[in-house]
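For reference, the structure discussed in these notes is given below.
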Amino acid sequence: MAKKTNKTARYAPVGMVITLLASIATFLLILVKGAVAIKAYTPDPAQTNIINIGLIVSILAIVLGLAIYAILAPEKATRFITGRQARYGSNTLIMSLAFLGILLVANTLAIKNPVKPLDMTEDKQNTLAPETIQALATLPEKVTALAFYTQQNPTDTARQLLSNLKSDSNGKFDFKFVDPNTDPVSARQYSVTRDGTIVLTMGDKKEIAASASESDLVNSMIRLISPEQRTVYFITGHGEPDINATDNKGYARARQTLESKNYTVKTLNLAAENKIPADAKVIVIAGSLNPLLDQEVSLLKAYVNKGGSLVILETPTLFTNAGTNPDPLINYLTSDWGITLNNDLVIDNTSNQPIYAISASYNNTHPITQRLTAVTVMPQARSLSLNKTAPQNVTLTGLILTSQQAWGETDLAGIKNNNQPGFDAATDFAGPLTLAASGENATTSGRVVVFGNSIFATDQGFDAYANGDIFTNSVDWAAKQANLVNITARQAITRTFNLPSQGQVLIILLLSVIIIPGLVIAAGISTWVARRRQG
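So the number in the numbering used here is just where the residue sits in the sequence shown, counting from 1, plus 4.
In structure tokens:
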């Protein structure tokens, strides 16, 4: 009697195909879960949900595929389970599961008990400076860094630095990357407007780091734990823009940014008060339309002589009410600091709008400008001249230079009458022009920062390019809050690859293409001939 055949058995391989594909998918999803576990990959919540659902579905598909195979070909399934291959296969499966179990346990222990990675780079690029280790050790409580990076902004450098800080903090430092596009609520909460901003938080206090560098993060950390009260006063009473104005002409964004850096920001009508508050860390004079009085300048001079600091944002006289009247503040800057504000208007032919002066270069050694990468744009600026011989004990530094194509136009009456400006070598100031400068008195510890423009820091320009950064950097430096810890940037070791000579190339070619393969072939032929003779 003929043996009955199961007509459905020919469809059984479909179940095995489903099982194979589902197994591959499960393996790949487990790899992704492993990458997430070791923080090599950080998916967003939606992606995490998809990964979890996909893993469950793939496992169910494996079971379904095996069930289909067993139902459609029960005889084959029985033979496979009870046969010799099954016994050997089960041993292999047990060994594989044991190996995977050991890997899983080891990985779990490594995650829960992280070991500081070894820095194998010759120049120790991944090792924190001793000053950084000391700052981390003095943290009174846990500090969390919120790194606001969009998906378009690379995070590798920042993530490596933050990981190094975390591993050396003994649990006192942690970090989290936030995409301001997908989480705008957090961005607004921390007053973040620029991609790549890092906010350090400790309790209810916060501090914004100027950049994702070790030095800036450590200095921000020190400011965060410092109990010192830092108050910045904006001078009023001379037609200055309002620091609380909601239009684009005020300094609301500047005030908000300073407050986010733990500064207390107030206004000061010096003519009415006739004194400078004792808590004044920095006094900002920005966008005055009328000159300060002699009495006010005398108070400011006495304040600076006692170690105070000024940040001054001037405007070309063409756009003020000063006219040709004496300006006591400008006279003070010239006599005591060697900084002269030229009576001109900067015309920059490299700009789409020539009255918008654009920075062509920065001083790369000064704390205010050394880390700036974007340009600064200053609409309606006047140039500065620095005395070649600075007053005694005063260090002068030019911070921003225009290109050579810019010049300082002195025919302000002609511009007022809508005449086309043109460079006159006899009367105008030739480029490159200085747009900003700083001065420090070694005897009194007084500091001044002077800009030939006041519009760049208003709300219409604060968040553009490096405008806001250079203003806040200036206040930090004036308040003596910049470079609280000096960490020298490591110089990467330059490695060069010397191309081999033609003779060396020939030797390499002979060895790799002819001699070594030839020896292997000769050995193979020799072995084959020897065996033929023996057999």
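Glycine is no exception: its CB is placed at the ideal position from the N, C-alpha and C atoms.
| Check | Outcome |
| --- | --- |
| Can you find the residues in the same chain that come closer than 6 angstroms, C-beta to C-beta, to Ala214, ignoring five residues on each side of it along the sequence? | Asp220 |
| Go ahead and label Val452 buried or exposed: buried means 16 or more other beta carbons lie within 10 angstroms of its beta carbon, across all protein chains shown. | buried |
| Report the three-state DSSP secondary structure of Thr3 (helix, strand or coil). | Residue 3 lies beyond the range of the chain shown here (5 to 539); nothing can be said about it. |
| Ser264 and Lys209 - do their beta-carbons sit closer together than 8 angstroms? | no |
| Out of Ile359, Arg14, Ile404 and Thr142, state which residue places its alpha-carbon closest to the alpha-carbon of Pro425. | Ile359 |
| Please confirm if the segment 349-369 is in contact with the segment 401-410, defined as three or more CB-CB distances below 8 angstroms between the two stretches. | yes |
| For Ala26, which residues in the same chain have their Cβ closer than 7 angstroms to its Cβ, ignoring the five residues on either side in sequence? | Ser62, Ala65, Ile66 and Gly69 |
| Who pairs with Leu293 in a beta bridge, going by DSSP? | DSSP lists no partner for Leu293. |
| Comparing alpha-carbon positions, which option in Gly465, Asn423, Asp463 and Arg386 lies nearest Gly435? | Arg386 |
| Residues in the same chain with beta-carbon distance under 6 angstroms from Trp481, minus the five sequence neighbours each way, listed in chain order, please. | Pro371 and Ile372 |
| Check each candidate in Pro49, Ile474, Pro78 and Leu262 and name the one with the smallest Cα separation from Gly19. | Pro78 |
| Using the rule of at least 16 other Cβ atoms within 10 Å of the residue's Cβ for burial, across every protein chain shown, is Asp348 buried or exposed? | buried |
| Could you give the distance in angstroms between the alpha-carbon of Ala6 and the alpha-carbon of Leu76? | Low per-residue confidence applies at Ala6: pLDDT is 46, beneath 50, and the placement is therefore not dependable enough to give any value. |
| Hey, quick one: how far does the beta strand (DSSP E) through Tyr237 stretch, first residue to last? | Thr235 to Ile239 |
| Please report the straight-line C-alpha distance between Lys8 and Ile28, rounded to a whole angstrom. | At Lys8, the pLDDT of 49 sits below 50, so the modelled position is not reliable; the number obtained from the coordinates is stated separately. Rounded to the nearest angstrom, the two C-alpha atoms are 36 angstroms apart. |
| In angstroms, rounded to a whole number, what distance separates the CA positions of Val533 and Leu503? | 43 angstroms |
| According to the Cβ coordinates, are Asp298 and Pro332 closer than 8 angstroms? | yes |
| Taking all protein chains shown into account, do 16 or more other C-beta atoms lie within 10 angstroms of the C-beta of Gly207, making it buried, or fewer, making it exposed? | exposed |
| Mind checking Tyr267: buried by the 16 CB within 10 Å criterion, or exposed? | buried |
| Can the beta-carbon of Thr201 be found less than 8 angstroms from the beta-carbon of Phe152? | yes |
| So, with DSSP's three-state summary, where would you put Ala461? | coil |
| Assuming the contact rule is C-beta atoms closer than 8 angstroms, Ala139 and Val203 should be a hit. Round their C-beta distance to whole Å, please. | Incorrect: roughly 17 angstroms between the Cβ atoms, too far for contact. |
| Could you tell me the distance, in whole angstroms, from the CA atom of Ala361 to the CA atom of Asn168? | 40 angstroms |
| Return the CA-CA distance between Leu322 and Leu376, expressed in angstroms with no decimal places. | 30 angstroms |
| Suppose you measure from the CA of Leu293 to the CA of Glu318; what does that come to, to the nearest Å? | 9 angstroms |
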